[in-house]
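Remarks on the structure that follows.
Numbering (the working numbering), first residue to last: 68 to 423.
Pasting the structure below:
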């Protein structure tokens, strides 16, 4: 974690997991900061700025914090890490890989524990798809690596503007996600390095496309009553309302297993712990009728139970959407299931109520 920052602040008020901070430097909306609490740092996000004070939501329990505690601003927006190795993973709402967190903390989550989303030591077989002199722009493919049943595209960072010229490409081989695989230069002579991984703010949509197409064909769920009476458009949205015990989670499993989608992203947002455990137990064993392997091989699960802080619950849906958009940018059909949006809205209401 890069701690080279110039922004600091001091807590002036605390209301549950909402804090007010007086800062001495420029602060922007959705900026990430860390509250100093003993030998740990608690992650938080700016949700409102008024003058030289910012109101921030903490993604952890605020127990033990007091007025006067120091806050370190990162000058970075709340972001996720995108790259090979996302499939089959189980993350929390902030993209911490829960299996690795469990290795460090055991069964009970501790405050101030943040783990890199991707394995920075694993090597991937990179095959370049561009050559020196080619012109590229944001979202273009510079190479591929095999990830499960897909060729994972390594793309030009989405934040770059205009046309860029490829000035150097690495030879085919095995590399980590942090190694530079390509260098590009724009018309002003500015050079940028392209790595296998990149970071992207979760609350900013990925818009590296020439044209947004209107839905023109159905997404077959292979559930006859849905495809006949309630067809779902490919590229569209749908909801499955119902009372407790109606079978929404069962339908979610069926949609994940049989729908005509390449990648499935499941956001268990505010669900009861028992239902989340059921997802974690069943998905690795559900057969994938398309590939003959397990469904988990092309699935990403975002777990944020009702017992976790509401601030992280709000971020979990944005995290899931960003991961789904990333695979959509590769040309894959992605199915995003958020269960449930009512509990996500509950988290939004709770935070807005504290802002009053």
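Idealized CB from N, CA, C, for every residue including glycine. All of these numbers come straight from a predicted model, not from anything done at the bench.
Where does residue i land, buried or exposed, given buried means 16+ other C-beta within 10 angstroms?
i: residue 279; result: exposed
i: residue 69; result: Any reading at residue 69 is ruled out, since the residue's pLDDT is 48, under 50, leaving its predicted position unreliable.
i: residue 228; result: exposed
i: residue 115; result: exposed
i: residue 86; result: buried
i: residue 264; result: buried
i: residue 247; result: exposed
i: residue 133; result: exposed
i: residue 282; result: exposed
i: residue 360; result: exposed
Give me the Cβ distance between residue i and residue j, rounded to the nearest whole Å; I'm assuming they're in contact under 8 angstroms.
i: residue 99; j: residue 149; result: So it is not a contact: roughly 17 angstroms between Cβ atoms.
i: residue 332; j: residue 391; result: 5 angstroms
i: residue 273; j: residue 394; result: The Cβ separation is near 10 angstroms, so there is no contact.
Suppose contacts are defined by Cβ-Cβ distances below 7 angstroms. Is residue i in contact with residue j by that definition?
i: residue 97; j: residue 125; result: no
i: residue 212; j: residue 191; result: yes
i: residue 355; j: residue 399; result: no
i: residue 146; j: residue 267; result: yes
i: residue 368; j: residue 157; result: yes
i: residue 161; j: residue 244; result: no
i: residue 207; j: residue 233; result: no
i: residue 324; j: residue 353; result: yes
i: residue 372; j: residue 340; result: yes
i: residue 214; j: residue 151; result: yes
i: residue 197; j: residue 209; result: yes
Output needed for residue i: all residues of its chain with C-beta closer than 8 angstroms, excluding positions within five of it in sequence on either side, in chain order.
i: residue 299; result: 285, 286, 288, 293, 305
i: residue 358; result: 216, 364, 365
i: residue 322; result: 288, 290, 402, 404
At the 7 angstroms Cβ level, is residue i part of the contact set with chain D, yes or no?
i: residue 243; result: Note that chain D does not occur in the displayed structure, where there is just one protein chain.
Output needed for residue i: all residues of its chain with C-beta closer than 6 angstroms, excluding positions within five of it in sequence on either side, in chain order.
i: residue 377; result: 414, 417
i: residue 138; result: 76, 88, 100, 102
i: residue 334; result: 369, 383, 384, 387, 405
i: residue 80; result: 87
i: residue 326; result: 288, 402
i: residue 260; result: 247, 250
Skipping 5 residues on each side, what residues in its chain have a beta carbon closer than 7 angstroms to that of residue i?
i: residue 119; result: 89, 90
i: residue 107; result: 178, 179
i: residue 262; result: 244, 245, 246, 247, 248
Sorry if obvious, but does the Cβ on residue i come closer than 6 angstroms to a heavy atom of the ligand GDP?
i: residue 371; result: By its list of ligands, the structure shown contains no ligand whatsoever, and the ligand GDP lies outside what it can speak to.
From the DSSP output, read off the bridge partner residues of residue i.
i: residue 241; result: 192
i: residue 123; result: 86, 113
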